[in-house]
Each structure stands twice: as structure tokens, then as C-alpha cells.
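In this note's numbering, the protein residues as written are 608 to 762.
Glycine is no exception: its CB is placed at the ideal position from the N, C-alpha and C atoms.
These notes concern the structure reproduced below.
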């Protein structure tokens with residue numbers, strides 16, 4: 608039976624994990640959703656953030672985590688041993704913490720040490736980066752883990 612069609616148990620087969628597709632969707636989905644919200648709400652700063660800090664962070668995190676999970680030597684044992692939801696939650700939390708620190712650092716450091724003025728987009732980084740990172744990490748790890756389940760076991 609081809610992938611994507613219903614299996615005998617009524618459950619749809621998971622699509623294979625393709626990193627470039629995951630990164631593309633990780634960029635386009637938040638860019639379109641947040642951009643539409645910015646346009647509908649008349650919030651120009653949200654519209655700009657949608658295609659820069661929000662979608663950009665999401666794509667970078669999807670690329671980094673997807674590459675790490677899909678490394679050449681095979682998956683790390685704990686990434687396939689943990690339940691899917693636990694893996695997604697752990698990677699989302701880790702990505703959110705790291706991105707939150709980057710956002711906090713950038714919003715404080717850039718105005719003081721560079722010519723970048725303290726603008727509203729800098730203050731948005733503290734929220735945009737961790738939220739985007741958490742969503743991207745959880746979705747990519749969820750999709751990757753699902754693809755691992757559907758792969759035939761190799762001896």
C-alpha cells in the first residue's frame with residue numbers, strides 16, 4: 608500500500624521525513640499565520656516579525672534539530688526509546704530555553720554595544736524566539752519520530 612493512504616488499522620501511514628520540506632514548512636507556516644494576523648490586526652511590527660524573527664527562528668531550529676535527529680550514524684538510542692510526546696516536549700523545552708536566552712541577550716546587548724537602536728522589534732525577540740523555537744522543535748521531532756516508527760528495522 609502506498610504511503611499516505613489508510614492502513615488496515617484505520618490510521619494514516621506517516622510520510623517519510625524529508626528535511627528540506629520540514630524546513631520549508633517551518634518557515635512558511637508561521638510566516639503566513641503571523642503575517643495574516645499582523646495584516647488583519649493592522650500591526651505592522653507583527654507583519655515584519657512574521658517573516659523575520661518568527662519564521663526565521665522556526666526554520667533555523669527545524670534545520671538544526673532535524674539535522675541532529677537525522678544524522679548519518681543513525682538515531683541516538685534515547686531519541687527512539689522515549690515516547691513520541693516526551694521527545695517532542697524535551698526538545699521543545701530545550702529549544703525554547705536556548706532561544707529565550709538568545710532573544711534576551713540580543714534585546715539587551717545590541718542597543719548597548721552596537722548602533723542598533725532599542726526598537727519594538729528588539730523587545731519582541733524575548734517572546735518571538737522561544738515560542739517559534741518550541742513550536743518548530745516539537746513539530747519536527749514529532750514528525751521525525753513518526754517516520755522512525757514506520758521505517759523497517761535494519762539488522
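Nearest to residue i (by Cα), restricted to the options the options
i	options	result
residue 755	657, 677, 646	677
residue 738	716, 700, 752	700
residue 710	687, 726, 734, 698	734
residue 644	654, 722, 635	654
residue 752	698, 649, 680	698
residue 749	675, 691, 705, 665	691
Cα-Cα separation, residue i to residue j
i	j	result
residue 685	residue 659	33 Å
residue 670	residue 719	31 Å
residue 668	residue 638	15 Å
residue 663	residue 746	15 Å
residue 713	residue 725	11 Å
residue 683	residue 717	37 Å
residue 624	residue 649	37 Å
residue 665	residue 705	13 Å
Residue span of the alpha helix (DSSP H) that contains residue i, given as start and end
i	result
residue 723	Neither: residue 723 is in no alpha helix (DSSP H) and is coded neither H nor E.
residue 664	662–676
residue 684	684–688
residue 645	626–648
Buried/exposed call for residue i, threshold 16 Cβ in 10 Å
i	result
residue 673	buried
residue 731	buried
residue 631	exposed
residue 695	buried
residue 641	buried
residue 612	Low confidence applies to residue 612: its pLDDT is 42, below 50, so where it sits in the model is not reliable, and the reading given next is rough at best. That one is exposed.
Beta-carbon gap between residue i and residue j smaller than 8 Å
i	j	result
residue 633	residue 743	yes
residue 736	residue 707	yes
residue 740	residue 703	yes
residue 727	residue 652	yes
Neighbour flag for residue i against chain B, beta carbons, 8 Å
i	result
residue 726	The structure shown contains no chain B; it holds only a single protein chain.
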